[in-house]
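K.L.:
Okay, handing you the structure first.
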Amino acid sequence: MTGEQLAWKIRRHGVEMTHLSGGSHLASILSVADIMGKLYADVLRVDPKNPKDENRDRFILSKGHAGASVYAALAESGFFPVEELKTHYQNASRLSGHVSHHVPGVDLSTGSLGHGLPVATGMAYAGLKNHKDYKVYVVLGDGECDEGSVWEAAMFAAHNDLKNLTAIVDHNMMQSMDFCEKTVALGNFEKKWEAFGWNVVSINGNDHAELDMAFNKQFDNEKPKVIIANTKKGYGIPFMEFDILWHYRFPHDGWEYDLAVNELHKIKPAGVEDPYTPNGIENPAPVPPGADIYNDHTTSATWHPNWKN
Amino acid sequence: MRDTVIKTLIEEAKANKDIELITGDLGFGVLKPFYEQLPNQFTNAGIAEQSMTGIAAGMALSGKTVFTYSIGNFPTLRCVEQIRNDCAYMKANVKIICVGGGFVYGSLGMSHQATDDIAIIRALPGVTVVCPGDPTEAAEAVTGIINTPGTVYLRLGRGGEKKIHEKIENFQIGKALKIREPKAEAGKKVAIFSTGAILEEATTAAQMLEEAGIGVEQYSFHTVKPIDRDVIAACAAKYDYIVTVEEHNILGGFASAVSEVITDLGEKVKLIKIGIPDEYCTAVGNQNYLRGLYGMQAAQIAARVKEEVK
Ligand SMILES: Cc1ncc(C[n+]2csc(CCOP(=O)(O)OP(=O)(O)O)c2C)c(N)n1
Ligand SMILES: [Mg+2]
Chain A
1 MTGEQLAWKI RRHGVEMTHL SGGSHLASIL SVADIMGKLY ADVLRVDPKN PKDENRDRFI
61 LSKGHAGASV YAALAESGFF PVEELKTHYQ NASRLSGHVS HHVPGVDLST GSLGHGLPVA
121 TGMAYAGLKN HKDYKVYVVL GDGECDEGSV WEAAMFAAHN DLKNLTAIVD HNMMQSMDFC
181 EKTVALGNFE KKWEAFGWNV VSINGNDHAE LDMAFNKQFD NEKPKVIIAN TKKGYGIPFM
241 EFDILWHYRF PHDGWEYDLA VNELHKIKPA GVEDPYTPNG IENPAPVPPG ADIYNDHTTS
301 ATWHPNWKN
Chain B
1001 MRDTVIKTLI EEAKANKDIE LITGDLGFGV LKPFYEQLPN QFTNAGIAEQ SMTGIAAGMA
1061 LSGKTVFTYS IGNFPTLRCV EQIRNDCAYM KANVKIICVG GGFVYGSLGM SHQATDDIAI
1121 IRALPGVTVV CPGDPTEAAE AVTGIINTPG TVYLRLGRGG EKKIHEKIEN FQIGKALKIR
1181 EPKAEAGKKV AIFSTGAILE EATTAAQMLE EAGIGVEQYS FHTVKPIDRD VIAACAAKYD
1241 YIVTVEEHNI LGGFASAVSE VITDLGEKVK LIKIGIPDEY CTAVGNQNYL RGLYGMQAAQ
1301 IAARVKEEVK
């Protein structure tokens, strides 16, 4: 499968898994799907038959709430049966909402933001000390970069020349209640990473050609690399894009699910099969008048402090 | 419970402009009525709990009463040293609200299970620990903790808990609430104490035991610290068995707090500790499912007590 095909499958599984389980964070799964597709199709040297191989590349999804994306990527890569994805969130499942290391192929359980980069840094540091040539990849959220622990590890990784470490920030512009710029502004994000001593590549993170360029880009120094992947939260399903509601809401039976599936079918690359609804949904439920669609659900829409005046 | 707390907090904050609410980027929908009605008393600190708690301490040391808000372990374990050094030691008026104590977010995974928080926060000198059992207790607790000087931890369930009390006369932080008296004619009698939203299971279990002829004196300990020594002392003197029920590690939390008092008193009473054994829960499932795995559902609690006292 190509990265683009795998990314589409991740999106389709993400819709199905949250639909079945009532799970959250679909918009976060959609924005990161291309990054995950690229990683598992082309970048990571991992082997489903030997998931604990000591020379494997390490991968951490630090924004662990997008767990469905890593589960889907692992299942599609042969680490466990695709059928099992349907158990996401269910009683007695292995697939907890946030990433669990009890699932084959997962190196670290996550869910509390700000933990992934320090642990990835430790794996990269030990790799160099042990003269291993594995690489370590970690995906962070942009809101997650509010956490001080991210920057503490960033400083350490640059100081110790961890050239085997790549961080990818899913810069989907939003966090939990609003746009990042309206929550705690990230400021000049590229310059911040540069100032912390990292090699920075800034790309469109929903574009596979740009992802390819970014992962392959070499720098002639020993510093770690960060890919600022500019994405859209909710990418691929227009009515979810940049609508913070879809950080929480799952596609309910009826128009929400039908429209989500059919929007994905509009962007389905050649050569991928939809395992759930092969031809999309034939008679989709119409969006009823008054439906909560294309509304602004951010905090700043109705929060108007004036204490500065 | 969550919505009742915010509703009460809005009333209190309208009457006192020095009350502030600061969130660690959580509370979508839930905090909306607060920030719409009291825009100048609301802040989002971003996903940065250490900073949020330090900022709360700084504001509190400058005249405010500051509520921090987050879920699971984020407002507590993630920033425990800020709570210890900057809040508790400084006697800062910081009131920490956690939504999702216990297995509320069970299916989300281990990161979201707040099952050691009572033990850890209880170990900090000067921090009051409040875990209301139902929405009525939760509403009373908000007013109660505003009037409690210093740092307070308020551990909530989620939304939709059943009301156990219609109303409460004379709610006091540190004083357990009696839910039932044993029937005089009952053969065997026990005391059941619970803390937090597991009150609903404990109450149903007590009813089941009563139907089976075992008398129960039941209390809701909405405050774990300071613990109500008087109620423990009275029950330890009267009964052979005290049952503690908590959605938390049985090590270090409510059961430990009760047993500390019992050993101080030198009473001979057997403590039956219902809660999570000292391990990380690796199972995935909803709150009710995970309670079931650890024998914390009402019927399981009743069966365990019957077995012990027979
Ligand atoms: C330490 C911590 N605080 C708060 C949360 C709750 N939380 C889950 S997702 C989220 C927003 C994440 O935003 P971002 O990192 O930008 O990821 P996105 O969903 O946009 O991909 C928050 C605050 C958490 N999981 N961990
Ligand atoms: Mg984001």
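Residue numbers (the working numbering), protein chains in the order written: chain A, 1 to 309; chain B, 1001 to 1310.
Beta carbons are placed, not taken as given, at the ideal position from N, Cα and C, and that holds for glycine.
Please read these numbers as outputs of a predicted model, since none were measured by experiment.
Would G22 of chain A and F250 of chain A be called neighbours here (beta carbons separated by less than 9 Å)?
P.N.:
Along the first sequence, read from residue 1 onward, the residue named residue 22 of chain A stands at position 22. Along the first sequence, read from residue 1 onward, the residue named residue 250 of chain A stands at position 250. The answer is yes: Cβ separation under 9 Å.
K.L.:
Name the DSSP beta bridge partners of M174 of chain A, please?
P.N.:
Stepping through the first sequence from its first residue, residue 174 of chain A is reached at position 174. DSSP lists A:F179 as partners of M174 of chain A.
K.L.:
Using only alpha-carbon positions, find the residue among A:M1, A:E84, A:D220 and A:H159 that is nearest to T121 of chain A.
P.N.:
Taking the first residue of the first sequence as 1, we reach residue 121 of chain A at position 121. Ranking A:M1, A:E84, A:D220 and A:H159 by Cα distance to T121 of chain A puts A:H159 first.
K.L.:
Step through the CB atoms of chain A and report whether any lies within less than 9 Å of the CB of V1066 of chain B.
P.N.:
Position 66 of the second sequence, counting from 1, holds the residue named residue 1066 of chain B. Chain A contact via Cβ: absent.
K.L.:
So which residues of chain B does N176 of chain A contact, with C-beta pairs closer than 8 Å?
P.N.:
By one-based count along the first sequence, residue 176 of chain A stands at place 176. Inspection of the sequence shows that residue 176 of chain A is occupied by Ser rather than by Asn. In chain order, D1025, L1026, F1028 and I1047 make up the part of chain B whose C-beta sits under 8 Å from the C-beta of S176 of chain A.
K.L.:
If you reduce the DSSP assignment to three classes, tell me which class C989 of chain B lands in.
P.N.:
Absent from the model: residue 989 of chain B. The displayed extent of chain B is 1001 to 1310, so no value can be given.
K.L.:
Tell me whether the stretch 10-21 of chain A and the stretch 236-251 of chain A touch, counting them as touching only if at least three CB pairs, one residue from each stretch, are closer than 8 Å.
P.N.:
Pairwise C-beta distances place the stretch 10-21 of chain A in contact with the stretch 236-251 of chain A, as three or more of them are shorter than 8 Å.
K.L.:
Determine, for N1286 of chain B, whether the minimum Cβ-Cβ distance to residues of chain A falls below 9 Å.
P.N.:
As a first step, residue 1286 of chain B is located in the second sequence; it is residue number 286 there, counting from the start. Yes, N1286 of chain B counts as interfacial toward chain A.
K.L.:
Would you say E83 of chain A faces chain B, with C-beta separation under 9 Å as the test?
P.N.:
For this step, residue 83 of chain A is matched to residue 83 along the first sequence. Chain B contact via Cβ: absent.
K.L.:
Within 8 Å, do at least three Cβ pairs link the stretch 1294-1303 of chain B to the stretch 115-131 of chain A?
P.N.:
no
K.L.:
May I ask you to report which of helix, strand or coil DSSP gives H1248 of chain B?
P.N.:
Within the second sequence, numbered from 1, the residue matching residue 1248 of chain B stands at position 248. Strand.
K.L.:
Between the stretch 1090-1119 of chain B and chain A, which residues of the former have CB atoms less than 7 Å from a CB of the latter, in chain order?
P.N.:
S1107, L1108, G1109, M1110, S1111 and H1112
K.L.:
For S93 of chain A and M173 of chain A, I'd like the C-alpha separation in whole angstroms.
P.N.:
Numbered from its first residue, the first sequence carries residue 93 of chain A at position 93. Numbered from its first residue, the first sequence carries residue 173 of chain A at position 173. Answer to the nearest angstrom: the Cα atoms are 32 Å apart.
K.L.:
Roughly how many angstroms separate the alpha carbons of T1068 of chain B and F1074 of chain B, rounded to a whole number?
P.N.:
If you number the second sequence from 1, residue 1068 of chain B lands on position 68. If you number the second sequence from 1, residue 1074 of chain B lands on position 74. T1068 of chain B and F1074 of chain B: Cα-Cα distance of roughly 10 Å.
K.L.:
Just how far apart, CA to CA, sit V43 of chain A and D142 of chain A?
P.N.:
In the first sequence, the residue the question calls residue 43 of chain A occupies position 43. In the first sequence, the residue the question calls residue 142 of chain A occupies position 142. The alpha-carbon atoms of V43 of chain A and D142 of chain A are separated by roughly 22 Å.
K.L.:
Can you find a heavy atom of ligand 1 that lies under 8 Å from the Cβ of D1003 of chain B?
P.N.:
The residue you call residue 1003 of chain B lines up with position 3 of the second sequence. Answer for D1003 of chain B: no, Cβ out of range of ligand 1.
K.L.:
Residues in the stretch 90-117 of chain A with C-beta within 9 Å of chain B's C-beta atoms, listed in sequence order?
P.N.:
Q90, N91, A92, S93, R94, L95, S96, G97, H98, V99, S100, H102, S109, T110, G111, S112, L113, G114 and H115
K.L.:
State the beta-bridge partners of L1154 of chain B as determined by DSSP.
P.N.:
Here residue 1154 of chain B refers to the residue found at position 154 of the second sequence. According to DSSP, L1154 of chain B bridges with B:I1097 and B:V1130.
K.L.:
Does chain B have any CB closer than 9 Å to the CB of P305 of chain A?
P.N.:
Numbered from its first residue, the first sequence carries residue 305 of chain A at position 305. At least one C-beta of chain B is nearer than 9 Å to the C-beta of P305 of chain A.
K.L.:
How many Å lie between T194 of chain A and P1033 of chain B at the Cα?
P.N.:
Here residue 194 of chain A refers to the residue found at position 194 when the first sequence is read from its first residue. Here residue 1033 of chain B refers to the residue found at position 33 when the second sequence is read from its first residue. The question names Thr, but residue 194 of chain A in the sequence shown is Glu. Answer to the nearest angstrom: the Cα atoms are 40 Å apart.
K.L.:
So if I threshold CB-CB distances at 8 Å, which residues from the stretch 218-246 of chain A count as touching chain B?
P.N.:
Contacts with chain B (Cβ-Cβ distance below 8 Å) from the stretch 218-246 of chain A involve I244, listed in chain order.
K.L.:
Between D1025 of chain B and ligand 1, is the CB less than 8 Å from at least one heavy atom?
P.N.:
The sequence position of residue 1025 of chain B within the second sequence is 25, counting from 1. Yes - ligand 1 has a heavy atom lying nearer than 8 Å to the Cβ of D1025 of chain B.
K.L.:
By alpha-carbon positions, which one of B:C1079, B:P1039, B:A1141 and B:M1110 ends up nearest to M1001 of chain B?
P.N.:
Along the second sequence, one-based indexing puts residue 1001 of chain B at 1. Ranking B:C1079, B:P1039, B:A1141 and B:M1110 by Cα distance to M1001 of chain B puts B:A1141 first.
K.L.:
Within 9 Å of any Cβ in chain B, is that where the Cβ of H252 of chain A sits?
P.N.:
Residue 252 of chain A sits at position 252 when you count from the first residue of the first sequence. No - not a single Cβ of chain B is within 9 Å of the one on H252 of chain A.
K.L.:
Taking a cut of 9 Å between CB atoms, which residues from the stretch 125-152 of chain A lie near chain B?
P.N.:
For the stretch 125-152 of chain A, the set of residues with a beta-carbon nearer than 9 Å to any beta-carbon of chain B comprises G141, G143, E144, C145, D146, E147, G148 and S149, in chain order.
K.L.:
Which of the three DSSP states, helix, strand or coil, is assigned to I1321 of chain B?
P.N.:
Only positions 1001 to 1310 of chain B appear in the structure, and residue 1321 of chain B is not among them; the question remains open.
K.L.:
Below 8 Å, can you find three or more Cβ-Cβ pairs linking the stretch 1246-1255 of chain B to the stretch 1266-1282 of chain B?
P.N.:
For the pair of segments examined, the stretch 1246-1255 of chain B was found to touch the stretch 1266-1282 of chain B: the number of CB pairs separated by less than 8 Å reaches three.
K.L.:
Spell out the partners DSSP gives K1188 of chain B in its beta bridges.
P.N.:
Your numbering for residue 1188 of chain B matches position 188 in the second sequence. DSSP, once it has assigned bridges, lists B:I1214 as partnering K1188 of chain B.
K.L.:
Checking contacts by CB at 9 Å: is Q1050 of chain B closer than that to chain A?
P.N.:
The residue labelled residue 1050 of chain B in the question sits at position 50 within the second sequence. So, interface residue.
K.L.:
Return yes when the Cβ of N55 of chain A is within less than 9 Å of the Cβ of Y125 of chain A, no when it is not.
P.N.:
On the first sequence, position 125 is the one that residue 125 of chain A refers to. On the first sequence, position 55 is the one that residue 55 of chain A refers to. No.
K.L.:
Is there a C-beta anywhere in chain B that falls below 9 Å from the one on Y248 of chain A?
P.N.:
Residue numbering aside, residue 248 of chain A sits at position 248 when the first sequence is read from its first letter. Yes - at least one Cβ of chain B is within 9 Å of the one on Y248 of chain A.
K.L.:
Does G1157 of chain B pass the burial test, meaning 16 or more other C-beta atoms within 10 Å, or should it be called exposed?
P.N.:
Within the second sequence, the letter at position 157 stands for residue 1157 of chain B. Classification for G1157 of chain B: buried.
K.L.:
Would DSSP call V169 of chain A helix, strand or coil?
P.N.:
Residue numbering aside, residue 169 of chain A sits at position 169 when the first sequence is read from its first letter. Under the three-state reduction of DSSP, V169 of chain A is assigned to strand.
K.L.:
Which value, in whole angstroms, describes the spacing of the CA atoms of Q1113 of chain B and A270 of chain A?
P.N.:
Within the second sequence, the letter at position 113 stands for residue 1113 of chain B. Within the first sequence, the letter at position 270 stands for residue 270 of chain A. Separation of Q1113 of chain B and A270 of chain A (C-alpha to C-alpha, rounded to the nearest whole angstrom) is 42 Å.
K.L.:
Is there contact between the stretch 1132-1151 of chain B and the stretch 1161-1168 of chain B, where contact requires at least three CB pairs shorter than 8 Å?
P.N.:
yes
K.L.:
Work out the CA separation of T1128 of chain B and T1143 of chain B for me, nearest whole Å.
P.N.:
Residue numbering aside, residue 1143 of chain B sits at position 143 when the second sequence is read from its first letter. Residue numbering aside, residue 1128 of chain B sits at position 128 when the second sequence is read from its first letter. T1143 of chain B and T1128 of chain B: Cα-Cα distance of roughly 14 Å.
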